[in-house]
Amino acid sequence: MGLILGAVLVIAAVLGVVWWLTRPPALPTIPRQYLATVRSAAQTCPELSVPLLAAQLDAESHWNPQADSGQAQGIAQFHPSTWAEWGRNHAGGGAADVWNPADAIPTQGAYMCHLFKQVKGVAGDPTRLALAAYNAGPGAVLRARGIPQIPETQNYVNRIEALIPKYAQTYAQQVGASPSPSGG
Numbered sequence: 001m002g003l004i005l006g007a008v009l010v011i012a013a014v015l016g017v018v019w020w021l022t023r024p025p026a027l028p029t030i031p032r033q034y035l036a037t038v039r040s041a042a043q044t045c046p047e048l049s050v051p052l053l054a055a056q057l058d059a060e061s062h063w064n065p066q067a068d069s070g071q072a073q074g075i076a077q078f079h080p081s082t083w084a085e086w087g088r089n090h091a092g093g094g095a096a097d098v099w100n101p102a103d104a105i106p107t108q109g110a111y112m113c114h115l116f117k118q119v120k121g122v123a124g125d126p127t128r129l130a131l132a133a134y135n136a137g138p139g140a141v142l143r144a145r146g147i148p149q150i151p152e153t154q155n156y157v158n159r160i161e162a163l164i165p166k167y168a169q170t171y172a173q174q175v176g177a178s179p180s181p182s183g184g
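In full-length UniProt numbering, the protein residues as written are 1 to 184.
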């Protein structure tokens with residue numbers, strides 16, 4: 001009897017390990033403390049959506065408000081010169097703070113809306129072009145007449161594009177709805 005019980009436990013353990021190693025990866029979710037801010041920022045212009053901004057924040061900083069690449073800062077990874085021009089105090093009181101998600105996320109939305117306008121005359125998918133402009137600068141997209149041949153920028157755009165449907169699914173679950181095909 002003890003031998004059978006031992007064998008059953010070993011088999012159960014092996015099956016548990018196999019399940020653990022082969023299970024699909026968890027889908028990303030918007031951290032609850034940022035959900036309302038992302039939802040509000042997504043209403044800045046019609047081109048934006050919650051899943052788009054969420055995927056972009058994931059790619060930029062993995063939702064870390066203290067992220068610092070040495071070139072860019074905060075949850076939305078603004079370059080200091082871009083923040084100096086676009087940073088706004090959305091949180092209330094004091095100056096605009098790149099380290100405060102309540103300032104950075106709405107500023108990200110406003111800047112993305114601006115970038116959609118900047119790349120409007122360029123052939124290609126407007127979302128991909130605006131994301132490329134966020135990463136490489138609008139001048140690089142305009143000069144290339146599309147997504148620049150910069151591996152970092154191409155990988156950035158592709159990564160966000162892959163994350164958008166995942167965030168569309170989990171966002172729908174977070175707000176208790178079914179995901180829309182457009183990811184809106």
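For glycine and all other residues, C-beta sits at the position ideal for the given N, C-alpha and C.
Cβ distance (whole Å) where residue i is taken to contact residue j below 8 Å
i      : j      : result
Pro28  : Lys166 : 6 Å
Ala59  : Ile160 : 5 Å
Ala130 : Leu115 : 4 Å
Leu35  : Gln174 : 7 Å
C-alpha distance - residue i paired with residue j, whole-angstrom precision
i      : j      : result
Val38  : Gln108 : 10 Å
Thr170 : Leu3   : 45 Å
Gln56  : Pro148 : 18 Å
Ala42  : Pro106 : 8 Å
Pro181 : Ala123 : Any reading at Pro181 needs caution, since the residue's pLDDT is 47, under 50, leaving its predicted position unreliable; the model's value is listed next. Rounded to the nearest angstrom, the two C-alpha atoms are 23 Å apart.
Pro138 : Ser49  : 20 Å
Cys45  : Ile75  : 20 Å
Ser81  : Ile11  : 59 Å
Gly87  : Gln118 : 18 Å
Ala7   : Ala172 : 43 Å
Leu9   : Ala133 : 56 Å
Cys113 : Asp125 : 15 Å
Ala96  : Ser61  : 19 Å
Ala104 : Gln33  : 14 Å
Gln66  : Gly94  : 19 Å
Residues near residue i by beta carbon distance below 7 Å, same chain, minus five either side
i      : result
Ile164 : Pro51, Leu52, Ala55, Gly183
Ala102 : Thr37, His90, Ala91
His79  : Gln71, Ala72
Cβ neighbours of residue i in the same chain (closer than 6 Å, five flanking residues each side left out)
i      : result
Trp83  : Val98
Asn100 : Ala91
Tyr111 : Trp86
Residue i, DSSP secondary structure in three states
i      : result
Gln73  : strand
Asp125 : coil
Asp97  : coil
Gly184 : Here Gly184 scores only 49 on pLDDT, less than 50, and its place in the model should not be relied on; the value that follows carries that caveat. The answer is coil: DSSP assigns Gly184 none of H, G, I, E or B.
Ser178 : Confidence at Ser178 is low in this model, with a pLDDT of 46, below 50, so the placement of that residue is unreliable and no value is reported for it.
Reference residue i, options the options, closest by Cα
i      : options                : result
Asn135 : Val157, Ala96, Lys120  : Val157
Arg145 : Ala168, Ala162, Lys120 : Lys120
Ala162 : Arg128, Ser69, Ala140  : Arg128
heavy atom of the ligand ATP below 7 Å from residue i C-beta
i     : result
Leu35 : As far as ligands go, the structure on display features none, and thus does not contain the ligand ATP.
Own chain, CB closer than 8 Å to residue i, minus 5 neighbours either side, in chain order
i      : result
Asn64  : Ile75
Ala140 : Ala132, Ala133, Pro148, Ile150, Thr153
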